[in-house]
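*Asks:*
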Amino acid sequence: MFALLTTFSWQELRHHPWRNAAAVVAVMLGVALAFSVQLINASALAEFSSAVTAVSGRPDLELRARQGLLDDTWLERVAAHPGVAVASPVLERSAFVLDAQGARVPVKLVGVDALSVANTAPGLMPQPDAATGGGARRLDLFAPDAVFLNPSARAKWRQVGTTLRLQNGQQVSTVRVIGQVNAPGPPLLVMDVAAAQELTGHIGQLSRIALRLQTGVQPQAVLDSLALPAHLLAQLPEQVDGRMDRLSRAYRVNLTVLALVALFTGAFLVYSVLSLSVSKRQQQFALLGVLGLSARERLRLVLCESALLGVLGSVLGVALGTALAALALRWLGGDLGGGYFAGEAPRLLWSLPMATGYAALGVAAALVGGWWPARAMQRMAPAPALKGLGAVDASGQPQHRRALAMLLAAGLLAWAPPVAGLALAAYLSVGLLLVGGVVALPLVVGVVLRGLAPWVATRALPLLAVERARRLRETAAVATSGVVASLALSVALTVMVASFRDSVAQWLDTVLPAQLYVRTAGGQEGNSLPPDFVRAVADVPGVVRVDPLRTTQLQLDPALPALTLLARPLNATSDQRLPLIDDAWPVPTAAPGETLVPVYVSEAVIDVYGVRAGGFLPQLGLAFDAALAPSTRFFIAGVWRDYARQNGSVLMDSADYQRLTGDARVNDLAVHLADDADAADAADATAVRERVLQLAESLGTRDLIEIASVGQIRAVSLRIFDRSFAVTYWLQAVAIGIGLFGVA
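Just so we're aligned, residue 0 is where the sequence shown starts under numbering that gives the first Met the number 0, counting upward by one.
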């Protein structure tokens with residue numbers, strides 16, 4: 000019987016290809032978009048994970064400082080521990096390679112110990128090239144000017160044996176390329192760790208120590224015996240993997256849900272197509288019923304048609320999604336413009352289980368769309384329908400109570416907490432809200448048409464149109480359900496993105512009060528502005544005040560992404576306002592022998608660490624050496640919006656930061672001009688800009704700084720925002736197109 004029903008369904012699809020093409024295209028595009036987004040992000044995440052793993056390796060344990068660098072005296076102590084088989088030191092710094100035209104190409108400089116790195120990170124093992132002497136020049140592994148390039152860097156600077164001009168912080172050095180390493184990912188330069196310390200000015204400091212433990216030794220036992228101070232932490236490999244996944248999870252989930260909007264619209268389109276189909280074939284189904292086809296078999300017949308539509312659309316969708324993913328990886332990168340994965344375009348990683356899952360999702364969407372027409376055909380009375388006396392109502396009786404229940408459930412789910420950091424209940428709420436609205440559509444149409452009837456009673460053509468729509472409002476709802484679904488979701492998303500963009504623009508106006516901003520070249524955290532340059536900028540004619548900013552990373556929890564610590568003047572003379580969520584809390588009186596430091600945290604810190612305004616951030620004290628911060632507690636004086644750092648940020652006064660850390664370095668300068676100096680194009684601002692550049696030239700730091708007006712920074716920031724959401728606009732357009740195609 001199943002084979003017979005499938006044959007009937009296939010013949011129907013063959014004889015009416017154009018009528019069913021809309022449903023097939025809808026399912027195809029829905030599956031293609033959802034599958035391609037998932038494939039792109041899976042490929043990018045795998046490439047990113049592979050690159051990080053190659054650089055970090057897979058040690059049993061990793062030691063690093065919570066803030067800043069690690070004192071390399073810990074290396075000897077850790078290596079001497081009986082439970083440690085290998086302790087491999089690593090120093091990582093951001094740098095630039097200057098090309099022939101003087102342009103900066105960002106690279107990562109990694110210092111390793113060639114004698115131990117193979118045990119913890121084989122991808123970083125230096126391999127001298129035969130052209131430079133190979134085994135005869137093994138001591139070049141430890142040469143102070145020798146570097147080894149990974150494949151991405153070799154693609155840019157192919158000739159081994161050449162020299163490169165390397166800019167690190169405030170100095171430019173010349174290094175020799177003598178070999179390679181196998182680590183994938185963005186451009187990477189590897190050299191001896193001692194040479195890297197001297198080259199970067201970080202003598203006696205390390206980024207981390209990778210440990211390979213003795214067989215059978217548990218990491219916790221080693222940590223207990225080492226008794227690490229609070230400002231050091233230990234990381235396990237699985238904690239690093241979890242942080243990488245959290246880096247772009249929200250972005251990936253939102254893109255996937257948006258792609259599923261097209262598939263959701265496709266289900267409505269299958270519903271519309273099959274409703275029309277069963278209405279036109281009413282007498283054929285009635286004849287089959289009279290000849291002995293039961294109500295349950297009529298239900299299965301219509302479901303077989305919807306399943307065939309789903310299979311055809313899903314197979315084509317998987318093929319189209321694979322092609323779209325390959326093109327997107329080549330032209331847009333692995334983050335689709337989101338800015339999460341830097342470096343070369345990742346290779347496509349096609350997955351059969353993933354393809355099967357999304358194909359099954361397409362078939363399920365088609366079956367859901369065909370369920371109500373199938374139920375209508377099951378309820379049909381064959382004998383009256385064969386005589387033309389029965390009408391098939393594919394939408395069934397008005398389900399006003401169900402619609403109300405869905406809308407109420409949607410409202411309740413909107414208040415549900417996230418699950419594993421994802422707003423799954425909110426997504427379900429949106430779906431129920433949309434389905435409930437479509438189910439209630441006939442009632443709304445009826446109310447509107449009853450209101451229009453008196454106004455057209457004296458005009459023949461409008462009266463006929465209104466009365467026909469009143470009598471067949473369920474049919475009208477079937478025809479427009481796809482448009483309602485796609486247009487409602489797309490308009491809602493458009494309003495949301497536009498509101499977010501406006502909020503970002505207002506936020507930029509608040510956090511950028513100065514007319515000019517100076518920062519280290521490339522804006523890299525490890526570099527700082529020369530102290531003499533910072534002092535001299537304040538004396539430049541036309542400059543009223545200079546506000547310094549220090550930025551550094553904090554790793555408070557090894558399982559969570561690093562926070563950003565910002566230190567800048569927060570005294571009464573500074574007009575750098577904060578976009579606070581609520582009013583600031585007054586700092587309470589400290590207990591005897593205790594010091595309270597007010598800090599301001601971003602919304603992400605509140606969500607991730609579960610703290611609140613008016614409370615304390617005890618984890619922050621772990622980042623500072625106890626000798627520098629005795630009896631210090633950090634009071635959360637306010638919560639502020641920070642759209643630039645999704646993982647969270649902590650802001651404190653620069654005087655408190657310098658007292659706790661002894662770090663007086665500066666990454667950025669906010670240069671305030673006279674009140675009548677316009678930011679972008681005023682002559683005063685341009686003149687001051689030129690004076691600052693001349694000052695940098697005279698101090699030999701011209702190539703080490705970047706200067707921009709507030710207008711330029713604002714334009715670049717909004718351009719990055721638009722690029723990040725460009726794919727969402729395209730997905731919206733496709734969803735709307737599917738709905739309109741269904742009406743046609």
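Even for Gly, the Cβ is constructed at its ideal location relative to N, Cα and C.
In angstroms with no decimal places, state the Cα-to-Cα distance between residue 611 and residue 360.
*Replies:* On the sequence shown, residue 611 is found 612 positions in, with the first residue counted as 1. On the sequence shown, residue 360 is found 361 positions in, with the first residue counted as 1. Between residue 611 and residue 360, the C-alpha separation is close to 41 angstroms.
*Asks:* When we look at the beta-carbon of residue 91 and count the other beta-carbons within 10 Å, is it buried (16 or more) or exposed?
*Replies:* Mapped onto the sequence shown, residue 91 falls at position 92. The residue in question, residue 91, is buried, as its Cβ has 16 or more Cβ neighbours within 10 Å.
*Asks:* Please go through the stretch 432-457 and give each complete alpha helix (DSSP H) segment of 4 or more residues, from N-terminal end onward.
*Replies:* Listed in chain order, they are 440-451.
*Asks:* Please look up how many angstroms separate the CB atoms of residue 412 and residue 433, rounded, as I've assumed it's under 8 angstroms.
*Replies:* Reading the sequence shown from its first residue, position 413 is the one you call residue 412. Reading the sequence shown from its first residue, position 434 is the one you call residue 433. Residue 412 to residue 433, Cβ: 13 angstroms. No contact.
*Asks:* So what's residue 584 in DSSP terms, helix, strand or just coil?
*Replies:* The residue labelled residue 584 in the question sits at position 585 within the sequence shown. Residue 584 falls in the coil class under three-state DSSP.
*Asks:* Report the option in 76, 211, 57 whose CA atom is closest to the CA atom of residue 84.
*Replies:* Taking the sequence shown and counting its residues from 1, the one referred to as residue 84 is at position 85. Ranking 76, 211, 57 by Cα distance to residue 84 puts 211 first.
*Asks:* Report the rounded CA-to-CA distance for residue 780 versus residue 615, giving the unit in angstroms.
*Replies:* Nothing can be reported for residue 780, as the shown portion of the chain is limited to 0 through 743.
*Asks:* Please say whether residue 633 and residue 598 have beta carbons closer to each other than 7 angstroms?
*Replies:* Counted from its first residue, the sequence shown places residue 598 at position 599. Counted from its first residue, the sequence shown places residue 633 at position 634. Result yes, Cβ atoms of residue 598 and residue 633 sit closer than 7 angstroms.
*Asks:* I need the boundaries of the beta strand (DSSP E) containing residue 178, first residue and last residue.
*Replies:* Start at 1 with the first residue of the sequence shown, and residue 178 comes out as number 179. Residue 178 -> beta strand (DSSP E) spans 170-179.
*Asks:* Please go through the same chain and pick out, in chain order, the residues whose beta-carbon is closer than 7 angstroms to the beta-carbon of residue 118, but skip the five residues on each side of it.
*Replies:* If you number the sequence shown from 1, residue 118 lands on position 119. 85, 87, 211.
*Asks:* CA-CA distance, residue 658 and residue 66?
*Replies:* Counted from its first residue, the sequence shown places residue 658 at position 659. Counted from its first residue, the sequence shown places residue 66 at position 67. Spanning the two alpha carbons is a distance of roughly 15 angstroms.
*Asks:* Could you tell me which whole alpha helix (DSSP H) segments of length 4 or greater appear in the stretch 86-166?
*Replies:* Correct list: 116-119, 150-155.
*Asks:* For residue 330, which of helix, strand or coil comes out of DSSP?
*Replies:* In the sequence shown, residue 330 corresponds to position 331, counting from 1. DSSP places residue 330 in helix when its eight states are reduced to three.
*Asks:* Who are the Cβ neighbours of residue 357 in its own chain at under 8 angstroms, not counting the five residues just before and after it?
*Replies:* Position 358 of the sequence shown, counted from the first residue, corresponds to residue 357. Around residue 357: 30, 33, 34, 37, 313, 316, 317, 320.
*Asks:* Taking 8 angstroms as the threshold, find out whether the stretch 68-84 comes into contact with the stretch 374-384 through three or more Cβ pairs.
*Replies:* Cβ pair count under 8 angstroms is below three, so no.
*Asks:* Would you identify the three-state DSSP class for residue 724, choosing helix, strand or coil?
*Replies:* Mapped onto the sequence shown, residue 724 falls at position 725. DSSP places residue 724 in coil when its eight states are reduced to three.
*Asks:* Can you round the beta-carbon distance between residue 594 and residue 630 to whole angstroms, since I take them to be within the 8 angstroms contact cut?
*Replies:* Mapped onto the sequence shown, residue 594 falls at position 595. Mapped onto the sequence shown, residue 630 falls at position 631. Confirmed, Cβ separation roughly 6 angstroms.
*Asks:* Does at least one heavy atom of the ligand COA sit under 6 angstroms from the Cβ of residue 178?
*Replies:* This structure lacks the ligand COA, and indeed carries no ligand of any kind.
*Asks:* Would the stretch 549-568 and the stretch 683-703 be scored as touching if the rule is three or more Cβ pairs under 8 angstroms?
*Replies:* In short, these stretches do not touch, since the Cβ pair count stays below three.
*Asks:* So which of 507, 549, 383 has the shortest CA-CA distance to residue 639?
*Replies:* In the sequence shown, counting from the first residue as 1, residue 639 sits at position 640. The shortest Cα separation from residue 639 among 507, 549, 383 belongs to 507.
*Asks:* For residue 529, is the classification buried or exposed, using 16 other Cβ atoms within 10 angstroms of its Cβ as the cut-off for buried?
*Replies:* Here residue 529 refers to the residue found at position 530 when the sequence shown is read from its first residue. Classification for residue 529: buried.
*Asks:* In the structure shown, what three-state DSSP assignment does residue 732 receive?
*Replies:* Within the sequence shown, residue 732 is the residue found at index 733, counting from 1. Helix at residue 732.
*Asks:* My output table needs one value for residue 680: the three-state DSSP class, helix, strand or coil.
*Replies:* In the sequence shown, counting from the first residue as 1, residue 680 sits at position 681. The pLDDT assigned to residue 680 is 47, lower than 50, so where the model puts this residue is not dependable; a value taken from the coordinates is nonetheless given after this. Three-state result, residue 680: coil.
*Asks:* Taking all protein chains shown into account, decide if residue 190 is buried (16 or more other Cβ within 10 angstroms of its Cβ) or exposed.
*Replies:* Taking the first residue of the sequence shown as position 1, residue 190 is located at position 191. The residue in question, residue 190, is buried, as its Cβ has 16 or more Cβ neighbours within 10 Å.
*Asks:* What are the residues that DSSP puts in a beta bridge with residue 554?
*Replies:* Mapped onto the sequence shown, residue 554 falls at position 555. Answer is none; residue 554 lacks a bridge partner.
*Asks:* Answer yes if the stretch 214-232 comes into contact with the stretch 95-108, meaning at least three C-beta pairs across the two stretches below 8 angstroms, and no otherwise.
*Replies:* No, because fewer than three Cβ pairs between the stretch 95-108 and the stretch 214-232 fall closer than 8 angstroms, the two stretches do not touch.
*Asks:* For residue 172, which residues in the same chain have their Cβ closer than 7 angstroms to its Cβ, ignoring the five residues on either side in sequence?
*Replies:* Looking up residue 172 in the sequence shown gives position 173. Cβ neighbours of residue 172 beyond the five flanking positions: 165, 198.
*Asks:* Along the beta strand (DSSP E) that carries residue 747, what are the first and last residues, could you check?
*Replies:* Residue numbering for the chain in the displayed model covers 0 to 743; residue 747 lies beyond these limits and cannot be assessed.
*Asks:* With DSSP as the reference, please indicate the residues paired to residue 639 in a beta bridge.
*Replies:* Here residue 639 corresponds to residue number 640 of the sequence shown, with the count starting at 1. Residue 639 is bridged to 579, 601.
*Asks:* Keeping to the same chain, check which residues put their C-beta closer than 8 angstroms to that of residue 545; ignore five residues upstream and five downstream.
*Replies:* By 1-based counting over the sequence shown, the position of residue 545 is 546. 533, 536, 537, 668, 669, 670, 671, listed in sequence order.
*Asks:* Might you give, ordered along the chain, the residues of its own chain that have their beta carbon closer than 7 angstroms to the beta carbon of residue 731, omitting 5 neighbours on each side?
*Replies:* By one-based count along the sequence shown, residue 731 stands at place 732. Taken in chain order, the residues that qualify are 489, 492, 493.
*Asks:* Assign residue 202 to buried or exposed, taking buried as 16 or more other Cβ atoms, counted over all protein chains shown, within 10 Å of its Cβ.
*Replies:* Numbered from its first residue, the sequence shown carries residue 202 at position 203. Its Cβ having fewer than 16 others within 10 Å, residue 202 is exposed.
*Asks:* Is there contact here, the stretch 276-287 with the stretch 348-356, by at least three beta-carbon pairs under 8 angstroms?
*Replies:* Counting Cβ pairs under 8 angstroms, fewer than three are found: no touch.
*Asks:* Given 8 angstroms as the limit, is there contact between the stretch 173-190 and the stretch 104-114, that is, 3 or more CB pairs closer than that?
*Replies:* Segments in contact, yes.
*Asks:* DSSP three-state label for residue 429, please.
*Replies:* Stepping through the sequence shown from its first residue, residue 429 is reached at position 430. The answer is helix: DSSP assigns residue 429 an H, G or I state.
*Asks:* Count the other C-beta atoms from every protein chain shown that fall within 10 angstroms of the C-beta of residue 298, then say buried if there are 16 or more, exposed otherwise.
*Replies:* Taking the first residue of the sequence shown as position 1, residue 298 is located at position 299. With 16 or more other Cβ atoms within 10 Å, it is buried.
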